[in-house]
Each structure stands twice: as C-alpha cells, then as structure tokens.
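All the letters of the sequence shown, read from the start, carry residue numbers -23 to -1, 1 to 547 under mature numbering (1 follows the signal peptide of the UniProt record, and there is no 0).
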Amino acid sequence: MQKGFCFTLLGLLGLAGASLAFAASARAEEGARVMLVLDASGSMWGKVGAITKIEAARQTVGTILKGWPSEDHLGLIVYGHRRKGDCADIEMLKPVGPVDGQTFMTMVGGLTPKGRTPMTDAVRAAAEAMKGHEGRATIILVSDGVETCNADPCEVAAKLKKADIDLVVDTVGFDIKDPEANRELRCMAAATGGIALQAEDAGELTKAIQQAVHAAQGNPPPPAPPPEPKIEPKIEPKAEPRPAWNLTGYARLAAGDDPLTDNLQWELTRLAPEGVPPETVMTSYNANIHEQVAPGDYILTLTAGQASVRAPVTIKPGEMNRVDMALNAGRLGLRAKRTATETALENATWTVKAKGGTDDLFTSYDAETAVILPAGEYSVTLKLGTSIQSRDVEVAPAETVPVEIIAGVGKLKGKVVFVSGGSLAKDPHVEILAGATAVDGESFLADAYDGEPVFDIAAGTYRVHVHIDGVDRVFPLEIKAGETVTASFPLDAGLAALDAPGADSVRITSPETDIYGEAKEITRLYTLPAHYVLPAGKYKISAWKGDVSTVQDVEIRAGIRNEVKLALPQ
C-alpha cells in the first residue's frame, strides 16, 4: 500500500519530522487509493426533492470527478443494478487506478437500479480488490438502506480491519429512514476507523462524499474533543424504558420483499358504528410508522405512488403491535434520453396509462422519475419536443421495471429577423410542420411565440412556418439526432409605424386590384398609433373617420422602421 500514508513505522523509530516530510513526498507521488461502493438497488428510484436518488448520485459523482487530483486513484463497485432479488449482484466496474472522468461517468450514467442491498458483501469485494498494496486503502460506501442479504455488516467490517490494518471504510447514509440502517453504517465505519456521514439530498450527498474523499487524501476531520470527566452519581438499576410507541408498521412492494424507503402515506382510522363517519387518528408520510395509539379496532391504509392497500388492525393494550403491509405492486423506473449517449435534462413529459385505458394514472415532467404501481400491464409514453414514443410494460409484484426511451431528437435554436443580420422580430408565431411539402389538414408539431425559439425535434425533414402580422414565410429544415441547428429566418420585411391623428382606423391594401377592380385588404387597425410588419413592397394605406378618408401610396423597405403618417382632410 502507499508509503505516503504509512506514518507508523517511522514514528516507532522516533523520526516524527522525517515521517511528515516523507509522507508529503510520497503523497505527492502516489496519491490516495479510493474504492467507491455505490448503491444501485431498487430503492434508489426513490426521490430526494425533485430528482431520483440514482440521479442525485450521478450528479454527485460528476461533481467529485471535476476536481479529482490526477495523482489520486479511484475505483467503482456497484450492487443491485442488474438483477432483481439476487444477493450476488455485485460488480466491479473499474479497479482502483487513474481516473478518466468521461469513462467513469459513462459507467455511472448507465446504472439502472433493480435489485437488493448486499452492501456488506460489496464492501468485502472492495477490500479484496484493494489487497496487495502498501498504505491506506479507503472504501467509501454509499447506501440508502439496510443490509438485505443476511450478512452482519459490523462483524464483517471488524474482520476486514483485522486482516488489513490500513483499511478504512467511510459510510454515507443517503436519505436513510430506517434506524437499523443508520446503526449498520455507523458500525462499519467505527469498526474500521472510518467516518459515518448522513445526506438528505443531492447537495448534502456531494458534501458528504467530498468529506470522505478529503479524509482519504490524508486530511481527516479534526477529532472531537474528549468529554469532560465527571463523577457519576450512584443510581439504582431501573427497568428498561418502554418504547414511546405501541404500533410499528413497515411497507413492502410484496410479501418477502425489502422494506420500502420511500416517503409513503399512512392513515389510521378508528372503526365506527354504521352511519357514523370514521375518525382519522393518525396520518404519516414516512417510510415506516412508530406511533402510540389507544387500544381498539382500526383500519390502516397505506398508499405508495398509485398503489394502495387497507388492512384491519387491532391495538392490544400492553403489547407492541407490528404491521407489515404488502402492496402487491412494483415500480417503474423511467429515464428519458435525447440520444443514446445524451440524457434529457428538460422538456420531457411522461404519462402512464393502464394498457388499453384512456385515463392518465401518472404524469411527470422530470426526465428521470419513478412510480409505484399495482401489478399489471401499462402503456408508458414519453413526449420530448416533437418526439412521442410509447412502450407497453408489465409490472410484477416486487419488480422494478426500468424503462429507458431514447427520443432521438436534435435541437433547433432559431432567430427570426427582418433581414439577414438585421433586427430581431418581436413575438412571431413559429410553427414546426412535418415533411418537406404541405399536406391538407396538417397541424403543427410544436410552436412558439418567440423571436428566438428553441425546439427539441425528432430527427427528420420539416418546414418552419413563421407568421407575424402580414408576413408568412416557410423555411426548410433537416435535423439529426443529437445535432444542434442554429438557424436564422429572415422575413425580408419591414416595420410600418402607422399614425393618423383623429382617425378611427387605418386600412392596408395591396396595390393591385382583382378582376372586379377591388383591392385586397391585408388588415384594418383600430388602435393608433400602431406597428405592423409587412413584406417589403408597395401598398396603399388609408385612414378613415366615418365617411371621411385619405389614402397614400407607401413603399415598405425591408429591415427598417418605415414611418407612415396620414392626415385626414379638414
């Protein structure tokens, strides 16, 4: 292991000053060795704030890699990402070594949470992978739940430390709701001389992992001051205190599955005689419940996502009443991607319907999200810009079904201008139409009232229709998946600045007349002064007040403001 962290031998020789100099030199040459053990179990589809836990983990890893020193080595082990219910689902994606940030992020970005939480065996695998090197070896374990594969984290951590005195396990509990999970993570850290940290959201997760990395790099946090000595008064032994609750409840997707760590909805109502409304005595939005409830008969309702289950509960006096609720449900993990290599960040809309149904059961505007659903068949639709794609899926009890849809879109960044290189048009109506030629009855795929519109558009051939006042222009567009097209749409038009003091209206007509000798009216404006955009060319503009009028021949020049002022006859 690294000489840079091996202070003990030199200390025993009494060479403290030389030890520090040697450590600094070796540290600069060799750097830290860190194995990140990342939870990718099914519960990582749960949300923290507006994003899923797995997306928060991806963001955190990306932040850590941006500042990763070139002399420090990093590896990656993940668990629960390939198979449901398999305690052997542990994979080393990267041995400890030099870091290529892009490759590392590609591995993390490809993780799809599915399975269980064999975190103890994952740490054991990390320790085995780091054998054979001198100096400190740091494992950073990130987990959002309790060990679910019949291993004892405390016992295993102690054995690993005994086998390798330089091994340190730092733990980060991410959005932990279960006290037992907290205990396990603290115990693993304590048994190996590591630090146990907690994080409730993406920001705290980044800070926690950064703190663990900082410690691995030879900068441990300052130790807590020793407690003040105090004389304990002699007290008589007392009976163990009774817990402050008599009802505890856990939720599972199905019987035998791991307990859920999501924020759920629990409601306990007291049974009432017929005709009497039931009384709600408890509502909780936690992953599990620990409540003090008066003895009696109740109905407990659990809701998770779109799944719900009810069960009778009898609270017996003087007893701990335990309830285990199974939803007979599974989870959909939804992830939208613009292309095969580019994750969507915005403009995604997910809808989930029962297969063959018409009602939306679930809607989300997050690119990555998850929902718990009763076991059954569903239709999942992703709309991202003009791309609309659907998948039929079946959700089995306790199953996490990942659905990744690649929208195959490019991005159009448009700019509507009066002339090439000229001023921006204000609030034109921009429509995206399918195909190179018009079709009867067609409607736009997307639209915006914006001089600088931005669209996500599925790969293909389109027309861009721009309309503003008296101007209609159509421009061809071809776009490829993953491509960003920056296009200018010149209108070859000018702005008519119209005024006619005392007039009720102003009428704009084309200079030509039809077969009946009548001029084609382009528009009539009733609020003056007014602005109106017109294609470059000649027009007749008349002002009216009752039967009194005046007319003027006007030439509109492209790309400029054309002042037009009409005076009614006195």
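Ideal Cβ placement from N, Cα and C applies to all residues, glycine included.
request  = Kindly indicate which residue of N127, T346, A313 has the alpha-carbon position closest to the one of I383.
outcome  = A313
inquiry  = Can you tell me whether Q269 is buried or exposed? The criterion is at least 16 other CB atoms within 10 Å of its CB, across all chains shown.
reply    = exposed
key: Member of I365, D404, P374 whose CA lies at the smallest distance from the CA of A435   = I365
message = Which residue marks the beginning of the alpha helix (DSSP H) containing A106, and which one marks its end?
response = 96 to 106
query = Bridge partners of H406, per DSSP?
reply = Its beta-bridge partners are Y426, H444.
query = Using the C-alpha atoms, what's the distance from I172 back to V25?
reply = 23 Å
inquiry  = Give me the DSSP bridge partner(s) of P379.
reply    = Answer by DSSP bridge pairing, in chain order: G310.
ask   = Do you know how far the Cα of V146 is from the Cα of F(-2)?
value = Its pLDDT being 39, under 50, F(-2) is placed unreliably in this model, and the coordinates cannot settle the point.
query = Do you know how far the Cα of G412 is from the Cα of A189?
reply = 55 Å
Contacts around P75, its chain only, beta-carbon distance under 7 Å, and the 5 residues preceding and following it disregarded = H50
One or two residues paired with G471 in a DSSP bridge = L511
message = What does the alpha-carbon distance come out to for the pair K390 and K91?
response = Using only the alpha carbons, I get a separation of about 38 Å.
query = For A228, which of helix, strand or coil comes out of DSSP?
reply = strand
Below-8 Å beta-carbon distance, Q242 vs any chain D residue = No chain D appears in the structure shown, which is made up of a single protein chain.
task = Look up T335 in the DSSP assignment and say whether it is helix, strand or coil.
result = coil
key: Cut-off 7 Å between Cβ atoms - residues of its own chain near A102, not counting five sequence neighbours on either side   = I54, I67, M69
inquiry  = According to DSSP, V396 sits in a beta bridge with which residue or residues?
reply    = In DSSP, V396 forms no bridge with anything.
request  = Between the Cα of E495 and those of K517, K388, R450, V253, spot the shortest distance and give me the residue it belongs to.
outcome  = That would be K517, whose Cα lies nearest to the Cα of E495.
message = If you reduce the DSSP assignment to three classes, tell me which class E296 lands in.
response = coil
key: Span of the beta strand (DSSP E) around I365   = 364 to 372
Spatially closest choice to G180 from T316, A33, N223, by CA coordinates = A33
message = Run through the DSSP bridge pairs and tell me what W45 is partnered with.
response = Residue pairing from DSSP leaves W45 without any beta-bridge partner.
query = Would V357 pass as a contact of L311 if the rule is Cβ separation under 8 Å?
reply = yes
query = Is there contact between the region 478 to 486 and the region 505 to 523, where contact requires at least three CB pairs shorter than 8 Å?
reply = yes
inquiry  = Could you give the first and the last residue of the continuous alpha helix (DSSP H) run that contains F81?
reply    = 78 to 86
inquiry  = On a Cα-Cα basis, can you pick out the residue from H267, N305, L277 that is closest to Q283?
reply    = N305
ask   = Does DSSP classify N127 as helix, strand or coil?
value = Per DSSP, reduced to three states, the secondary structure at N127 is coil, with no helix or strand assignment.
ask   = For K108, which option in K138, V348, T89 has the closest C-alpha, if you only look at C-alpha atoms?
value = K138
query = Would you call W222 buried or exposed, if buried means 16 or more other Cβ atoms sit within 10 Å of its Cβ?
reply = Exposed, by the Cβ-count rule.
request  = Kindly give me the distance between the Cβ atoms of D530 and K542, rounded to whole angstroms, as I take these residues to be in contact under 8 Å.
outcome  = In fact, because the Cβ distance is near 14 Å, the residues do not count as touching under 8 Å.
inquiry  = Strictly by DSSP, which residues pair up with W521?
reply    = S482, S526
inquiry  = On the DSSP letters alone, give me the boundaries of the beta strand (DSSP E) that T278 sits inside.
reply    = Counting along the chain, T278 sits inside the beta strand (DSSP E) bounded by residues 273 to 281.
message = I'd like the span of the beta strand (DSSP E) that includes M12, first residue to last.
response = Here the beta strand (DSSP E) through M12 covers 10 to 16.
request  = With distances taken Cα to Cα, identify the nearest neighbour of L448 among P430, G471, E429.
outcome  = Rather than Leu, the amino acid found at residue 448 in this sequence is Val. V448 has its Cα closest to that of G471, out of P430, G471, E429.
inquiry  = For residue 565 and L401, I'd like the C-alpha separation in whole angstroms.
reply    = The requested residue 565 does not occur in the structure, where the chain is confined to residues -23 to 547.
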